[in-house]
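In the numbering used here, the protein residues as written are 1 to 445. For every residue, glycine included, the Cβ atom is placed at its ideal position computed from N, Cα and C. Every value quoted in this text rests on a predicted model; they were computed, and no experiment measured them. Heads up: the structure comes next, in C-alpha cells.
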C-alpha cells in the first residue's frame, strides 16, 4: 500500500493532479477562516466559544457540520458548498416532476450541461437567501444565543449589503473551485470539499472529549486526566469500528445476473454475453441523512427569529441534537427519505424495458412486466436494511450521550462519518484505477 502511494507521486500526471487538489483545498480552507467585511472578529470568537460550550452546543454543532467552523466565524466562505448541494438535490427531484428537465437528462452530455447551468443559477439564488438570513441574525444578536456583544461594526445598509454580496461571491468561488477539482484534480470536487470541511473539525472534537472529562495541572500545563484518556481511547476505538462497519455496508451489493441472447446484426452474430446489475444495500447513499438534517434544522433556524414565542421555546428545548424528539424524528425522516429517494432514482420499469430492447433477461424471470416486478421486489428488500442502517448510524451521537456523556463533542456522528467514509472510498478508487492504468497494481496487492 505504501509503495502504491510512492508510485502515485512518481507518476507525473497523477502527482500534478494530487498536488493541484491539495492546493485548491488549501485555498478553500484559507477562505474559511478569513472574516467577511464589517465583522468584529474578537467578539465573534468570544461568542462562538460561549455558544459551542453552552447548553445549546448541540444546535451549533448542527450548524457547523458542513461549514468546518466557517459559518460561526462569518467567513467569506461561510456558506461553503451547501447551497450548491441543495440546488443539485432540488434539480434532481424536479427532473422527475418537470418533463422538460427529464427530456434534458435523456439528451446526454448537452442536456446535462444545461441542467448544470440551471444548478449554478439556483445556487446563487440560494446563497443570496441564506447569506441574507445569517447576516440578519448576526445583526439582531440571534446568531449566538445569550451573547450580547456586537458582532458587526456598522449596522447601516451599505456594510450589510457588502457582507451579503461577499458571502454570495464566496459561494460562487467555492462552486468554481469544486468544479476545478473535478476537472483537473482527483475525486469529485464537491464531495472532496465537504470531506475537508468535516475532517477539519475532527482533531479538535476528539481532543475535546478528553478535556471534557476533567483536567490536571502539571508544570503550568493543562492535561486530561486518566479518566479522560480512557474515554478518549474508547471513543477512537468505537469510531474505528463504526468506520469498518460503514465500509462493509457501503461496499455490499446484490448482483442480479443478466444474460443477453445472441442476435444477428447484419451478417454478424453478436450477444450471448453475461453480466449483472449491481444493486447496493445503501442505494440512496448519504442523501436521506442530508435531507433529514436540513428539514430538522429549518424549525431550529426559524425559532431564532422569534425567541419569545412559546412554539420557538419548545423547539429550542426539544429539538436539540441530544433530545429524544430530535432523534426519533431524525430516524423516521431518514427511513422515509431513503425509500423516497430510491424510488425516484431507480426505475425498475425503465431498466426492464432497456433489457428487453437489447435482448437481455434475468435467468428464470420472463422479460417485460415480470422482470419489472422482480427488480422492484429486490429493491424494496434491499432498501429496508439500508434505510435502517442509515437511521442507526445517525443516532450515534445519542448513543454516545447515553453511554459516555460525550454527545456534544462526539465526532463520529451519522452524517459526518458517512460522508467521510464514502468520499474517502470514492477518491481511493479513482487513484487506484489510475495507478492500474499505468502500473497494473493498486493500493492492495
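Unbroken stretches of the alpha helix (DSSP H), 4 residues or longer, contained in the stretch 61-135: 82-97 and 99-106
Are the beta-carbon atoms belonging to residue 390 and residue 344 less than 9 Å from one another? no
What residue range does the alpha helix (DSSP H) around residue 197 cover? 189-200
Quick check on residue 216: does DSSP put it in helix, strand or coil? At residue 216 the pLDDT is 45, less than 50, meaning the model places this residue with poor confidence; the figure from the coordinates comes in the next sentence. Strand.
Please name the residue or residues paired with residue 137 in a DSSP beta bridge. None, per the DSSP bridge assignment.
What are the start and end residues of the alpha helix (DSSP H) that includes residue 381? 369-394
Residue 128 and residue 168: beta carbons closer than 9 Å? yes
Below 9 Å between beta carbons: does that hold for residue 423 and residue 156? no
Reduced DSSP secondary structure (H/G/I, E/B, other) of residue 20: helix
Closest by C-alpha distance to residue 299, when choosing among 326, 288 and 23: 326
Exposed or buried, which one is residue 19 when buried takes at least 16 other CB atoms within 10 Å? exposed
Counting beta carbon pairs with one atom in the stretch 168-187 and one in the stretch 7-26, are three or more of them shorter than 8 Å? yes
DSSP state of residue 280, grouped into three classes? strand
Buried or exposed (CB count within 10 angstroms, at least 16 for buried), residue 364: exposed
Whether residue 173 touches residue 80 by CB criterion (9 Å): no
Pairing CB atoms from the stretch 241-261 with CB atoms from the stretch 277-289, are three or more of them under 8 Å? yes
Meets three-Cβ-pair contact criterion under 8 Å: the stretch 102-118 and the stretch 140-151: no
For residue 102, does the count of other Cβ atoms within 10 angstroms reach 16, so buried, or fall short, so exposed? exposed
Looking at C-alpha atoms only, which residue of 383, 133 and 282 is the closest neighbour of residue 74? 133
Rounded to a whole number of angstroms, what is the C-alpha to C-alpha distance between residue 216 and residue 232? With a pLDDT of 45 at residue 216, under the threshold of 50, the modelled position of this residue cannot be trusted; read the value that follows with caution. About 15 Å.
Segment limits, beta strand (DSSP E) that includes residue 257: 253-260
Distance CB(residue 425)-CB(residue 285) smaller than 9 Å: no
Hey, how far is the Cα of residue 283 from the Cα of residue 289? 13 Å
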